[in-house]
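Protein chains in written order, with my numbering: chain V, 1 to 170; chain G, 1001 to 1158; chain A, 2001 to 2679; chain U, 3001 to 3625. No residue lacks a Cβ here, since even glycine has one placed at the ideal position from N, Cα and C.
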Amino acid sequence: MKEVMVRPERCMGCRSCEIACAVEHSESKDLFAAVMEKPTPQKRIYVEYVPEYNAAIPMTCRHCEEAPCTTVCPTKALKQDEITRVVTHNSDLCIGCWTCSMVCNYGVIGRQKEARVAVKCNLCPNRDIPACVEACPTNALVFIEVKKLAGVKRTEAALKLARGMQGKAL
Amino acid sequence: MPKAVYADLSRCIACHACELACERENENSRISLQVVRDLAAVPVSCRQCETPLCAVVCPGEALNYGDSGLEYDSEKCTGCRLCVLACPFGTAELRAGVMERCDLCQGKETPACVATCPAGALFCAEAESIGGNIRARRAERIKKALASPASAGRRVNR
Amino acid sequence: MEEKNPQPTICPYCSLGCGFYLKLEAGKAAGIRYMPEHPVNEGSLCPKGNTVLEVLNHPDRLKYPLKKTETGWERIEWEEALDLAAAKLKGSLEEYGPDSLAFLGSAKCSNEENYIFQKIARLLGTNNVDNCARLCHASTLTGLGKTLGTGAMTNPISDLACSECIFVIGSNFAENHPAVSRRVLEAKEKGAFVIVADPRMTPTSWLADLSLRLVPGTDVALLNGMMHVIVSEGLVDREFARERTKGFAELENVLQRYDPETVSRITGIPSAEIIKAARAYARAGTAAIVYSMGITQHISGTDNVTACADLALICGHIGKKGAGILPLRGQNNVQGACDMGALSEFFPGYGKVGDPEAAGRMQALWGAKKLPESPGLTATEIVGAAGKGKIKTLYVMGEDLVNSHPDSSRVKQALENLDFLVVQDIFMNDTAEYADLVLPAASFAEKEGSFTSTERRVQWLEPALMPPGEARADLEILFRLAEKLGLDFPYRDAGEVLEEISAAVPAYGGIAKERLKKDFGLIWPCPDAGHTGTPVLHTDSFMTPDGLARLVPVEHRSPAETPGPDYPFLLTTGRTVLHYNAGSMSRRCKSLLKREAELYVEIHPADARTMEIREGNKLVLESRRGSTKATARLTERVSPGVLFLPFHFPGTNVLTADALDREAKIPEFKVSACRIRRG
Amino acid sequence: MTQNAQDRSIDPATRIMLKQAEKEGIETAWDRYEKQQPQCSFGQLGICCRNCNMGPCRIDPFGEGADKGVCGATADIIVARNLLRTIAAGAAAHSDHARDAVLTFKKMSEGKAGSYCIKDEAKLIALASEYGIPVEDRSREEIASELARALLEEFGKQEGPIRFTQRAPEARLKLWAELGIEPRGIDREIVECMHRTHMGVDNDATHILLHGLRTSLSDGWGGSMIATDVQDVLFGTPEPKKTTVNLGVLTRDKVNVIVHGHEPILSEMIVEAAEAPELLALAKEKGAEGINVAGICCTGNETLMRHGTPIAGTFLQQELAVITGAVEAMVVDVQCVMPALGALTGCYHTKFISTSPKADFPGTVRMEFHEENACETAKEIVRTAVENFPNRDPGKVRIPEEKQECMVGFSVEAILKALGGTPAPLIDAITGGAVKGIGAVVGCNNVKVKHNYGHVNLVKELIKNNVLVVTTGCNAIACAEAGLLMPEAAAQAGDGLKGICEALGIPPVLHMGSCVDISRILVLASAVAKTLGVDISDLPAAGAAPEWMSEKAVSIGAYVVSSGVYTVLGTVPQVLGSAAVAGLLTEGLNGVVGASFAVEPDPFKAADLMLAHIEEKRKALGLEP
């Protein structure tokens, strides 16, 4: 399955993904209307600033192969699709115990203030490409299969290698 | 929003200090440490759920979820134990007809279990802040890993 | 007694010296308040620390002097008790000579008490004075003494937070010194690499980035193997080795034989992991070695410690913030008891017995005519000598040797063999059962005095409570006993004793009661009143005569006893988080006992399966020395073929052997051969 | 996901050229817009601030992150400050254009600009009278000279109000005075905008916005109005005439010269130069039948209004004109000229000629223009174009056939003339209900809206509902391309309006000029209001900018609303990050200046909003619904 892969070296910290995410998960799905909505639409991707490196990294649900959040959820509000591996959250079942938040290794389970339930990435089921990926101006976020990403990286590495060899030949 | 005691399971060393601190403060320990297959330890205490099932099932309206979190009125409690049955974490107990659960050591700045934790694994926080802390740490790790592939702290030749 | 509520105090359990406050109500300890400002524990407290109230308020506390009679224990007056003790000591001295006397000091008592205790012994003419450090870290004194010049932790615990690599060998600090975990985790947060070498998987191993499960008793091989890799890969800090050490060539010679493959065969650790560990340790900018009784309690204990020191020295990982050797010691004042000379071969301040100059200094200070010249018997030897009838009168202050010494049956025999046994303690322990006279002592919260923690931090303890009944502070008891013995001691209180200590022990030269009461004490060496203490040792030179550290090659030796056809299991012993040492305090805490009630034995599920043992079965464990019963606990924490027993319950040390390290005379608690059957 | 030509424009000529561009692999603004996706949400909401180097700062619109900039500025403050700077830039553009016109006028009066003369003496006299300049027994040059100085003073003076504000109805003037937003010197207001938005000056959103209104008034009733009137004096006040528009005006057999930008000062001369016999002869020599001058944007509108010079297209058609491969010279002055033209003209034989001392672009042939030798420069430019004709690759030429006839030139004077010299017939039509009201539809093109879709549909809806539409700028060109500027378009109007148009022989949509000529609409509205004895805000009138994009449009919007005209915007301004500012603009201003903004991208719904507003005003005036 495809997943949202992050290429941190490309992230400019513009937070476009965050806003696109919030808009996609709003009632209206429209930026200008979404900013006026109550309850406030909430993002599920977080651009984390790393002061030590003066860099930003977008963090979003990894849809782990063995997602700890689904294991600990006492009400099965969090469930993982056996085939697609997508971890979804059913807010009707959520009791707001935040055990998922506690065990999430990436800290990407948020809280919806008004409903007091968890919010997390659902890979935008109504879209071909998740909103955050589409919003990323530098392709720091890509929606791709892990295998393919490795392929892309190999190609990039090969290119560098080839350049290096040419440079040497010259 | 209400706070709760959370654990960073990667730090817990299964020392049981939380239990004993709680027991000293509250007579009976309201936090319990479970060691799972000798691989990890998990302190379990009331999760301070925001849609608490114990309150949902309470027939006598002794348990209510209000602005300040779960409220318990022992006067109205009939001791029916439905709350104990409903609690998905097994952290509600009925002792002498009174429901007992972690109340974050009311009146104390920090719950005793959190204050005593030698490994700093327990923390008392609002749910919203947990993710942020974990994210910040994780992001730093990722960046660090990418920044220097030889992260073993290569010896500068001295 | 100063009126403070809550009253700051120091935890009486392990050697970390954690601070907390006692909340008092009507002269009783009623609660605990944490002390976030304390530099060691930062407000945290382990489970045992959390239950000290149960110890302080326990109904079993000894309240009156007791004399053993035909009909049992008889309460007597203090005057009578001390007269009796003094008379017995003098009688034995007169009849059999000074070496028929023996004194076991206590790593749980204050510096002042141990100082006076050994002074009494030595003024009576014997060096037969020792303390339980013999059983846990004697090899640290010998091993680090000969390499670095002093047998103490080189860096404070908080330094671990600045280490880039932490190599933990033979220490389960997560259970035994829990507050150390917070520093290790702090280092990990900054990216430190943590290596844990332990035959068992423990909560400490959970914190490891690399966990090495070695066969018990193969530590020297592992350490030599790592050094082999470091030397052969050129990771040695050459400048450090050249400028600050001696003996590299000899060490290099010996190390040649310890290639990773050979070491792998001995230790059972894959060679790749040995190499990985060696590289991680050597390449780190700052690296620390943390060890504990897994290193010391072997017949090769001194060698193990020496190898640790060699490893740190060739990598230059010593004498800097974050780089050093950190032996985590056992009791709350084990460092102090040794500093005070409650050791058979050392005077206060580690002047060697037999060194005329050291003896001369003490004679001058004490105004004594002549001090005994030959080293006395060590704690383990005292038991042996008692068994043989050579020791007639034994004075035990705050220790339960029945449960803490190896081969309990032999210890009991020896105790029975004594003419007279005095036990001074807060509880009636198993050793006291054999005593002729039991003296009720005050607990930590009921007396004043200084305590030296594992990181050499000397802290002052203020009394918070009155002792129960007629129990008295150990120091007070010793003062009065000395008086009865005709010794003329000028002191009135602990502060005055400390004044003499600062004259006797150079490292304590600047330590005084008033200074200790501020800022959580001082870290020795603190040679003069203006000195602010020395958190990191060996920064510029080592404490050897020429200031250079010695690299001492050591060879792997097999443990004294290895499993064989009759005794197929390797038994190792250690501690658990919920109890403490011989258990005289922790086994009196209901809340701890509720969680860990009885002796258990850890056995690998595969072994259990072949022997049809199930969880909770009662097992009988037998060694060449005796047998004991324990409940089976099936766990992969131990490797197949290995059994683990905690030593907090009576019975464990029935099995252990008293094979001793040649130099440190520490018993090999960590390895003995054993067999099991269903009980 | 690339849009096809159908999605990009409603105009057939444009669609043809877009397909051509695609075929040739030529990039246009639409393609670049797609590459800009996603556009920054913070920018769209106006909540990023780069006014100081502690920043850039931005506010989390969803309230989870930062709610203040480093200095403590909230979303409200940041949005308001950004908006004020936008207004300042827009006002500056119009007013600086006006300054140049006045300077030319002054040089002319001093005899230093030989090529120029006074074309509308009546207007000169009228303006002089407005300024109280004696006209009796003075030469036209003397009067002009004094008027020029008086007009120049409007820029630099420190105390107001600007003279032309007096053209507004009494009630409006009083309101401005009460609010303290009477514009003082034009330059002063703009400078003050920059000062106020500097770090740590004006930090109250309402207070900031009030100055925005004042600045915009210095544009509408100052800069823009001066530009219009001075240009009328110099080049003649427009009168109705017929001409053609759209890319089809370019010719295969003639030398095509495009004038693009906003100032008529040079283009007037180029139109003349194109008729110079020696250049026509040269053209013949080079194998061309003649010289064809066509306009784009407001330079085009200026020559269109006065000379009937055809227009090749709107703002978004500037690149497409080049892509026809038939343009010998693209002559530009200032404003709305895409820098993309540089690279684009490089793909063709087209010479990209920049003429303004203020505006240069990559890839241009620089032929700087000065009034002293305007005629010579113009001729030189045309000569360059003619000489470039042989370089045209006939194989690359693709001119769409689409062109549309239109009637243009409705200055206020022309409208009044058409009405028989007084606004009375129009007012009667309005009070009688045949005409419901007046709709002013103006503005640019914007790739965010399908090209001309907003313009044409909104206007069609209005006339269908008997609203007489006045138009300027690119909306006018769009309407022309759609055939709405023909008297025959009355057929698409409601019965009432249709009757009036047929009676007067005018189209239902009146082209009033370039974007500075929105000042003509203000004058017209004032005239109507004064006749009715009410304020502008009481009129059954509404404005719209369905496809606006430039900062000038923001300034225009602000002065139109401050003048009392309800205005519907078709693209979303960068202010929605502040509920307070957005609320003030869409609601709050009603209570301040009697009019407000609305945002409605759908032209049909926008028309509904305008119609409802007109109905409401009619009701308030006691007119029949």
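Asked: Within-8 Å CB hit, F32 of chain V to chain U; Found: yes
Asked: Pick from A:K2090, A:G2145, A:V2052, A:R2587 that is closest to F2420 of chain A, judged by C-alpha positions; Found: A:K2090
Asked: E9 of chain V: contacting residues in chain G (beta-carbon distance under 9 Å); Found: L1146
Asked: Proximity test, Cβ basis, 8 Å: M3001 of chain U and chain V; Found: Bear in mind that the predicted position of M3001 of chain U carries a pLDDT of just 45, short of 50, making it too unreliable to give a figure here.
Asked: Under 8 Å by beta carbon: chain U residues contacting E134 of chain V; Found: P3038
Asked: Separation of L3341 of chain U from M3001 of chain U, as counted between CA atoms; Found: With a pLDDT of 45 at M3001 of chain U, under the threshold of 50, the modelled position of this residue cannot be trusted; read the value that follows with caution. Approximately 25 Å, taken between the alpha carbons.
Asked: Under 9 Å (Cβ pairs) to chain A, residues found in the region 1107-1120 of chain G; Found: T1110, A1112, A1115, T1116, C1117, P1118, A1119, G1120
Asked: Selection of the region 1129-1140 of chain G by Cβ proximity to chain V, strictly under 9 Å; Found: I1130, G1131, G1132, N1133, I1134, R1135, A1136, R1137, R1138, A1139, E1140
Asked: Neighbour-count burial assignment, A2664 of chain A, 16 or more Cβ in a 10 Å radius; Found: buried
Asked: With 16 other Cβ atoms within 10 Å as the buried cut-off, status of M3017 of chain U; Found: buried
Asked: Beta-carbon proximity check, S3555 of chain U vs S3216 of chain U, cutoff 8 Å; Found: yes
Asked: Cut-off 6 Å between Cβ atoms - residues of its own chain near K3448 of chain U, not counting five sequence neighbours on either side; Found: T3571
Asked: Three CB pairs or more closer than 8 Å across the region 3256-3272 of chain U and the region 3159-3179 of chain U; Found: no
Asked: Proximal residues of chain A, C-beta to C-beta of D1038 of chain G below 8 Å; Found: M2201, T2635, E2636, R2637
Asked: Contact test: Y2291 of chain A Cβ vs the ligand PLP heavy atom, cutoff 7 Å; Found: The ligand PLP is not part of this structure, which contains no ligands at all.
Asked: Validate contact between the region 2605-2614 of chain A and the region 2627-2642 of chain A using beta carbons, cut 8 Å, 3 pairs; Found: yes
Asked: Euclidean distance between Cα positions of V1156 of chain G and L2185 of chain A; Found: Confidence is the limiting factor: at V1156 of chain G the pLDDT is only 42, short of 50, which leaves the residue's position unreliable and the question unanswerable from this model.
Asked: Cβ pair count under 8 Å reaching 3, the region 2567-2576 of chain A against the region 2230-2250 of chain A; Found: no
Asked: Residue environment, C3117 of chain U, which counts as buried when at least 16 other CB atoms sit within 10 Å; Found: exposed
Asked: Secondary structure of H3097 of chain U, DSSP reduced to three states; Found: helix
Asked: Span of the alpha helix (DSSP H) around Y2281 of chain A; Found: 2271-2283
Asked: D3393 of chain U, buried or exposed, once every other Cβ within 10 Å from all chains shown has been counted against 16; Found: exposed
Asked: CB contact check: L170 of chain V to chain G, cutoff 8 Å; Found: Unreliable positioning characterises L170 of chain V in this predicted model, as indicated by a pLDDT of 43, which lies under 50. A coordinate reading is not provided.
Asked: 7 Å Cβ cut-off: residues of chain V touching C1049 of chain G; Found: I95, G96, C97
Asked: is_contact[E3587 of chain U, chain V] using C-beta, thresh 8 Å; Found: no
Asked: Distance CB(F2520 of chain A)-CB(Q2424 of chain A) smaller than 8 Å; Found: no
Asked: C-beta neighbour in chain V for A3579 of chain U, strict 8 Å; Found: yes
Asked: H3260 of chain U - partner residues in DSSP beta bridges; Found: U:I3296, U:V3332
Asked: K1003 of chain G and L1104 of chain G closer than 8 Å at C-beta; Found: yes
Asked: C-beta atoms of N2155 of chain A and G2330 of chain A nearer than 8 Å; Found: no
Asked: Cross-strand partners of E2622 of chain A (DSSP beta bridge); Found: A:S2627, A:R2675
Asked: Residues that Y2021 of chain A bridges to, as DSSP identifies them; Found: A:P2008, A:R2033
Asked: Spatial distance of G2530 of chain A from M2035 of chain A (CA atoms); Found: 28 Å
Asked: Burial state of D2400 of chain A (16 or more Cβ within 10 Å); Found: buried
Asked: Whole-number beta carbon distance between S2015 of chain A and N2332 of chain A, since they are thought to touch under 8 Å; Found: 6 Å
Asked: Chain-order list of residues whose beta-carbon lies under 7 Å from that of E2261 of chain A (same chain, five-residue window excluded); Found: S2271
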